[in-house]
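Keeping their order, the protein sequence lines are chains B and D.
Throughout the first sequence, residue numbering follows full-length UniProt numbering, covering 1 to 278 in sequence.
Throughout the second sequence, residue numbering follows full-length UniProt numbering, covering 1 to 367 in sequence.
Glycine included, C-beta positions come from ideal geometry on N, C-alpha and C.
Given the structure is predicted, the values throughout are model-derived calculations rather than measurements.
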Amino acid sequence: MNAAISHSLEGRPEGSHGAEQMGHLVTGGLDLSHGVALYLEDITVSFDGFRALNQLNLTIDAGELRCIIGPNGAGKTTMMDVITGKTRPDAGKAFFGQTIDLTRLTEPEIAHAGIGRKFQKPTIFERHTVFENLELAMKTDKRVWTSLFAWLSGEARDRIADTLRLIRLDKEADRPAGLLSHGQKQWLEIGMLLMQEPRLLLLDEPVAGMTDDETMRTAELFVSLAGKHSLVVVEHDMAFVEKLGGKVTVLHEGSVLAEGDLATVQNDQRVIEVYLGR
Amino acid sequence: MRKPLVVRILSSLDTRAWIAMAVFLGLALAVVPVLHLALPEESPFHVSTYAITLLGKIMCYALVAVAMDLIWGYGGILSLGHGLFFALGGYAFGMYLMRQIGHDAAELPAFMVFLDWKELPWFWLGSDSFGWAAFLVMALPALVAFVFGYFAFRSRIKGVYFSIITQALTYAAMLLFFRNETGFGGNNGFTDFKRVLGYGITAPETRLVLFGLTALALAATLVFAAWLVKSKFGRVLTAIRDAESRVMFIGYNPLWYKLGIWVVSAVLCGIAGALYVPQVGIINPSEMSPGNSIEIAIWVAVGGRGTLIGPIIGAFVVNLAKSWFTVSFPEYWLFFLGLLFIVVTLMLPQGLVGLWKKLMNKEGAAA
């Protein structure tokens, strides 16, 4: 009897007593029933009168791999800031699935809802080891009390080991991440994203600084992720975009200029003007 | 297999550190008391009352330095108001010591009599109880730190702005405590303590017990801090220090992590303050002066932030230098302190511990 009670106590999820700290964290689960992963409607963001985003409309389907291109200042990074809660839009709607209103959630809440973001400049924890970087990113209860008494199960170690092999950093596991090459840092950040088990991945120039070989491997990885995940990739490298193969959206001055497969977009007169015209 | 908490706490320090700690506690709890009590004063091995008071005081400072290092070295948040939490702990325990002075517990502290107050203000209620005082020593700094920290961290105030606000906070508190009407003895603060738990406060045995308790508190704090920074909480904390936005985008809310370590740090300062007051025999608002809080940061910088032993070394080195300087060249101490801070910041960013590591590495490379 006593054993049964103590067992049921141990079986309780560890974070249950810390729930009041971030009680608002639990959002209605992700609803992809209508096949839409991300829905942006008339999003406008101004900074001191400058319209970084101007009535932007964008829909990403569940499982889709979408590339976003556009000249500097087109609003690509601001768009990611809006989706991840860093910047609040002045107007417009932003939904993740059918139910999750991104304009009302904080950055950590959006991360928990299932959106992972890779920054333009690789942003990893340089003084932590590669292993610790992945450990911190791993999907788990991330409240203070749980972290104090957290320990790594064998399962968790296996997951980290799998990811290490996938991003080809298994030999670097115990080195400080700051010592990695630029390309390796990019991979580590992608690995951290995968550890979060997100449903939507936002990737800002993921292959900048990579060798051709690394770039092609990254493209293969992303293509393999599509279907189960939705991916939004911002990239300037057209060879990479071509390799990814998905639909391409061209942003210009904060709104969508053209959309379609790469060949169509590249032959669009307005797109040519924006890129070459001035 | 999940290791029990005790095992994890024990393994947060390595064998060498445990041996060093055993030696330290042996000295503080056995050797010093014997040398003080058993040897005559003219013996060269006699440890004087002055030395015990000085070392006890510096151990309190070392405890504050470790607390400061948790928030600054590991959390990347420079507080220039930690003197406030130290003073709050000191005042909370000082109230109890004031109530122990009189023979009759109902008697008012002398400064209230001078103010012609007829009864204790409400916030002095319960101050004659040791348990209540011990509770306040921790609860008061925790409460102030929580309220201040919640709003500051929620508003994402960072860097130098945060440091300046903490300076303003401790300065404002100092002005408040300077007022006689505040009810804490004005600029004289509390002094002339007679007893603690009924024992004479200047008796050699009482001094030695306070000295030993301070050593124990310092050792316990070190173990606790080592466990804390080696836990996942510690790794998240240093991650927030190095790349806060990344931490948010992988789903941690930095607010609660910063607030957690901030409150822990304040409570440790409160405990240090409570141990300090009976040994030094006085607490007054000057403990809250902005300069005192800056000095705490200097101890940590000199010793080496982001290491646990560094702040302790820094607190001892700077304060031993201070007691020598203020006797030999009192007017030059502040110049020396400023110079020390500049030299350390420019030439030894990792402090004395960093210097030591560098020297060891060179030797290792040469060998």
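Review point. First and last residue of the beta strand (DSSP E) that includes V256/B?
Key: That run of the beta strand (DSSP E) goes S255 to G260.
Practice item. Measuring only between beta-carbons, confirm whether W72/D sits less than 9 Å from chain B. Key: With respect to chain B, the C-beta atom of W72/D has no partner C-beta closer than 9 Å.
**Study point:** Exposure of T87/B, with buried meaning 16 or more beta-carbon neighbours within 10 Å
**Key:** Classification of T87/B: buried, given that the 10 Å Cβ count is 16 or more.
Check your understanding: Can you tell which of E64/B, V45/B, V265/B and A226/B has the C-alpha that lies nearest to the C-alpha of K93/B?
Key -> Ranking the options by Cα distance to K93/B, first place goes to V45/B.
Check your understanding: Is it buried or exposed for P328/D, if we count other Cβ within 10 angstroms and need 16 for buried?
Key -> Before going on, a small fix: residue 328/D reads as Ser here, not Pro. S328/D is exposed by the Cβ-count criterion.
Practice item. Kindly indicate which three-state DSSP category G49/B falls into: helix, strand or coil? Key: Looking at G49/B - three-state DSSP - the assignment turns out to be coil, as it is neither helix nor strand.
Check your understanding: Can at least three beta-carbon pairs, one atom from the stretch 109 to 126 of chain D and one from the stretch 337 to 345 of chain D, be found at a separation below 8 Å?
Key -> These segments do not touch.
Review point. Is the beta carbon of S245/D sitting closer than 9 Å to the one on F119/B?
Key: For S245/D and F119/B, yes; Cβs fall inside 9 Å.
Check your understanding: Since P108/B meets chain D, which of its residues come closer than 7 Å, beta carbon to beta carbon?
Key -> Those are M248, G251, Y252 and N253, listed as they occur along chain D.
Point to revise | As assigned by DSSP and simplified to three states, the class of S8/B | key: Reliability of the predicted coordinates at S8/B is poor, the pLDDT of 36 falling under 50, and the value obtained from them is presented with this limitation in mind. Helix.
Check your understanding: Who are A17/D's beta bridge partners in DSSP?
Key -> A17/D pairs with nothing; no bridge assigned.
Check your understanding: For P176/B, which beta-bridge partners are listed by DSSP?
Key -> Paired residue(s): T129/B.
Check your understanding: Smallest Cα separation from A37/B: which of T123/B, L201/B and G73/B?
Key -> For the residues T123/B, L201/B and G73/B, the minimum Cα distance to A37/B belongs to L201/B.
**Study point:** DSSP-derived helix/strand/coil call for E205/B
**Key:** Residue state, collapsed to three classes: coil.
Exercise for review: Grab the span of the alpha helix (DSSP H) containing A263/D for me, first residue to last.
Suggested key: Contrary to the premise, residue 263/D reads as Val rather than Ala in this sequence. In the DSSP assignment, V263/D falls within the alpha helix (DSSP H) that extends over P254 to V280.
Exercise for review: Mind the definition here: the stretch 76 to 85 of chain B touches the stretch 159 to 172 of chain B only if three or more C-beta pairs lie below 8 Å; say whether that holds.
Suggested key: Taking a cut-off of 8 Å on C-beta distances, the stretch 76 to 85 of chain B does not touch the stretch 159 to 172 of chain B, as fewer than three cross pairs fall below it.
Practice item. Pull up the DSSP beta-bridge partners for V250/B, would you. Key: Beta-bridge pairing links V250/B to I69/B and A258/B.
Point to revise | K118/B - containing beta strand (DSSP E), residue span | key: From DSSP, the beta strand (DSSP E) with K118/B extends over I115 to K118.
Practice item. Enumerate in chain order the residues of its own chain whose CB-to-CB distance from L143/D is below 7 Å, with the five nearest sequence positions on each side excluded. Key: The beta carbon of L143/D lies closer than 7 Å to none in the same chain, with the five residues before and after it left out.
Point to revise | Contact belief for V207/B with D237/B at Cβ below 8 Å, rounded distance in angstroms | key: Going by Cβ atoms, the distance from V207/B to D237/B rounds to 6 Å, so yes, they are a contact pair.
Review point. For the alpha helix (DSSP H) that contains V229/D, what are its first and last residues?
Key: Element bounds for V229/D: P204 to K230.
Check your understanding: If you compare alpha carbons, which of G251/D, G90/D, V263/D and I19/D is closest to F184/D?
Key -> Answer by Cα proximity: G90/D.
Exercise for review: Indicate whether at least one CB of chain B lies closer than 9 Å to the CB of L5/D.
Suggested key: Yes - at least one Cβ of chain B is within 9 Å of the one on L5/D.
Check your understanding: If we cut at 9 Å on Cβ distances, does K158/D have a partner in chain B?
Key -> Among the residues facing chain B, K158/D is not included, as its CB has no counterpart in that chain under 9 Å away.
Review point. Taking the alpha-carbon positions, what's the T103/B to Y39/B distance?
Key: Straight-line spacing of the CA atoms in T103/B and Y39/B works out to 12 Å.
Exercise for review: Please determine if the stretch 70 to 88 of chain D and the stretch 328 to 341 of chain D are in contact, where contact requires at least 3 C-beta pairs separated by less than 8 Å.
Suggested key: Under the 8 Å Cβ criterion, the stretch 70 to 88 of chain D does not count as touching the stretch 328 to 341 of chain D, having fewer than three qualifying pairs.
Check your understanding: In chain order, what residues of the stretch 113 to 130 of chain B put their CB closer than 8 Å to some CB of chain D?
Key -> Legend: CB atoms of the stretch 113 to 130 of chain B lying less than 8 Å from CB atoms of chain D belong to residues G116, R117, F119, T123, I124, F125, E126, R127 and H128.
Point to revise | Rounded Cβ spacing between V318/D and W299/D (contact assumed at less than 8 Å) | key: Cβ atoms of V318/D and W299/D come within 8 Å of each other, at about 5 Å.
Point to revise | Among S155/D, P4/D, A219/D and L25/D, nearest to V66/D - alpha-carbon criterion | key: Among S155/D, P4/D, A219/D and L25/D, the Cα nearest to that of V66/D belongs to A219/D.
Point to revise | CB contact check: G23/B to chain D, cutoff 9 Å | key: In this predicted model, G23/B has a pLDDT of only 37, less than 50, meaning its place in the structure is not dependable; the value taken from the coordinates is given anyway. No Cβ of chain D is located within less than 9 Å of the beta carbon of G23/B.
Exercise for review: Please report how far the alpha carbon of G29/B lies from the alpha carbon of S129/D, in whole angstroms.
Suggested key: The C-alpha of G29/B lies about 52 Å from the C-alpha of S129/D.
Review point. How long is the line joining the alpha carbons of E273/B and L53/B, rounded to whole angstroms?
Key: It is roughly 20 Å from the alpha-carbon of E273/B to the alpha-carbon of L53/B.
Check your understanding: Three-state secondary structure (DSSP) at G154/B?
Key -> DSSP places G154/B in helix when its eight states are reduced to three.
**Study point:** Minimum C-alpha distance to F341/D - residue among F316/D, I294/D, I312/D and L320/D
**Key:** Comparing Cα positions, the closest option is I294/D.
Exercise for review: Please compile the residues from chain B whose C-beta is within a distance smaller than 7 Å of the C-beta of F233/D.
Suggested key: Under the 7 Å cutoff, chain B gives V144, S147 and L148.
Check your understanding: What is the DSSP secondary structure of A297/D, reduced to helix, strand or coil?
Key -> Of the three classes helix, strand and coil, the one that applies to A297/D here is helix, per DSSP.
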